[in-house]
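Below: one structure, written as structure tokens.
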Amino acid sequence: RCAPCRRLFPYTARSPSSGELPIAARLAAHYKLPHLDTGLLYRAVAASAINKGIDFQDERECALLATHVELSEFDERELRGAGVGAAASVVASLGAVRRALFELQRKFAHQEGGAVLDGRDIGTVIAPDADVKLWVDASVEERARRRFAELSGMGEAVTEHGVLEQLKERDARDAARKDAPMKPADDAIWMDTTRTNPDQTLEKAIEIVEERRGAPKPVAKKMARKAVENKPKT
Ligand code: C5P
675 RCAPCRRLFP YTARSPSSGE LPIAARLAAH YKLPHLDTGL LYRAVAASAI NKGIDFQDER
735 ECALLATHVE LSEFDERELR GAGVGAAASV VASLGAVRRA LFELQRKFAH QEGGAVLDGR
795 DIGTVIAPDA DVKLWVDASV EERARRRFAE LSGMGEAVTE HGVLEQLKER DARDAARKDA
855 PMKPADDAIW MDTTRTNPDQ TLEKAIEIVE ERRGAPKPVA KKMARKAVEN KPKT
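Heads up, the sequence shown is in the working numbering, so the first residue is 675 and it goes up one at a time.
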């Protein structure tokens, strides 16, 4: 394994305070693969900028922070807070920051033995050659409900309505940015988790991975079509 993988893995594998591991972490645990939650990298850059009083618009300085990002220097709870999340979405729109984090993520994705990564541009930019791509989604209201439960569990003074508004704002910014906008890869399998609990979601994800691993190419194409059919109507 590459050095960044060893450095990052223990931190990204920890459970968030809600008590529920995100689907990618559970999938990684199931297949005994290292997992990287790439959102934490952008969150760490944002937290460094906040701590050092660096302007989020200062692309050069933020990229410099990204070059030296070291997740072990942060408390994961601090990184997962709502304020850092909103700031992360702003620094993530800076092309130089994304470029600075690119190599580290690519190495993690292509390490020997495989890896599980989650993040908005993994299937399109970081690992377009990934064996399996899952686009895990839920209605914005349901995501707000889950996020509100997580944040209030961490003791943050938030309201569900406030979380919902912030999520909508972040989604719009993430989808509209020039560099690596949030969008599923054409061959990603769409999973709508609005009405499934975490165990059901994991079960479905494993089913998809198994099907994909054993599937000859034409079936993979059929699944890509299914992904489009499954896409929730907005
Ligand atoms: O997923 P999470 O909420 O931790 O991500 C925080 C922010 O980091 C997102 O709103 C997004 O702007 C950015 N991000 C990204 N690309 C990734 C992961 C996260 O742009 N691969």
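We put the beta carbon where it would ideally sit given N, CA and C, even for glycine.
### Message
Using only the alpha-carbon positions, how far apart do Ala854 and Gly829 sit?
### Response
33 Å
### Query
In its own chain, which residues sit with a C-beta less than 6 Å from the C-beta of Lys895, not counting the 5 before and 5 after it?
Low local confidence applies: a pLDDT of 47 at Lys895 is under 50, so the model's placement there is unreliable, and no value is given.
Check your understanding: Can you check whether the CB of Arg847 is closer than 8 Å to the CB of Ser722?
Key -> no
- Task: Check whether the Cβ atoms of Leu825 and Val810 lie closer than 8 Å to each other.
- Result: no
**Prompt:** Of all the alpha helix (DSSP H) runs that stay within the bounds of the stretch 718-805, which reach a length of 4 or more residues?
**Reply:** 733-741, 750-753, 756-765, 769-783
| Per the contact definition of three or more C-beta pairs closer than 8 Å, is the stretch 871-890 in contact with the stretch 790-798? | no
Quick one: what does DSSP say Leu841 is sitting in, helix, strand or coil? helix
Looking only at its own chain, which residues have a Cβ that is under 8 Å from the Cβ of Val909, when we skip the five neighbours before and after it? The structure shown does not extend to residue 909, since the chain is modelled only from 675 through 908, so no value can be given for it.
ask   = Within 7 Å: the Cβ of Ala766 and any heavy atom of the ligand C5P?
value = yes
query = From which residue to which residue does the beta strand (DSSP E) around Asp860 run?
reply = Note, Asp860: premise wrong, no beta strand (DSSP E); not H, not E.
Backbone CA spacing between Ala702 and Pro696 [nearest angstrom]
10 Å
Worksheet item: Taking the alpha-carbon positions, what's the His784 to Ala801 distance?
Response: 8 Å
Inset, instruction - Using the DSSP secondary-structure output, state which residues sit across from Val810 in a beta bridge. - result: Met865
Checklist line | First through last residue of the alpha helix (DSSP H) which encompasses Asp672 | finding: In this structure the chain extends from 675 to 908, so residue 672 is not present and cannot be described.
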